[in-house]
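Notes to accompany the following structure.
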Amino acid sequence: SFFRSGLDALAEERARLGARRRRSDRELFERFPLWVVPTYPGDMALFASPGFAACLPGDLRFERATLSEVMAWPE
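Okay, so the sequence shown: first residue is 1444 according to this note's numbering, each after it adds one.
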């Protein structure tokens, strides 16, 4: 597939750019935490499941919110 055909080049480019960075991913994620926000049908059940939680890195902080808590809807 097109996606798979570009993975090796993507990994090489990520490594090249990563070598130039001054901050690690960990430092960035500590300052700007990752968010878990259900957006599609079934996401609430998925994100509440122990299997999903087991896939997340345990040493990173995740903010959890509903879509209405993070979106400003037009009136």
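Just so it is clear, CB atoms sit at the ideal spot from N, CA and C, and this is done for glycine as well.
Which stretch, first to last residue, makes up the alpha helix (DSSP H) that contains residue i?
{"i": "phenylalanine 1445", "result": "1445-1448"}
{"i": "valine 1479", "result": "Note, valine 1479: premise wrong, no alpha helix (DSSP H); beta strand (DSSP E) at 1477-1479."}
Look at residue i and residue j and say whether their C-beta atoms are less than 8 Å apart.
{"i": "threonine 1482", "j": "leucine 1510", "result": "yes"}
{"i": "valine 1480", "j": "alanine 1508", "result": "yes"}
{"i": "glutamate 1512", "j": "tryptophan 1478", "result": "no"}
By DSSP, does residue i sit in helix, in strand, or in coil?
{"i": "glutamate 1456", "result": "helix"}
Between the alpha carbons of residue i and residue j, how many angstroms are there, rounded?
{"i": "alanine 1496", "j": "aspartate 1451", "result": "28 Å"}
{"i": "leucine 1471", "j": "glycine 1501", "result": "16 Å"}
{"i": "alanine 1491", "j": "tryptophan 1516", "result": "25 Å"}
{"i": "proline 1493", "j": "glutamate 1518", "result": "37 Å"}
Problem set entry | Sufficient close CB pairs (3 or more, under 8 Å) joining the segment 1484-1496 to the segment 1454-1471 | no
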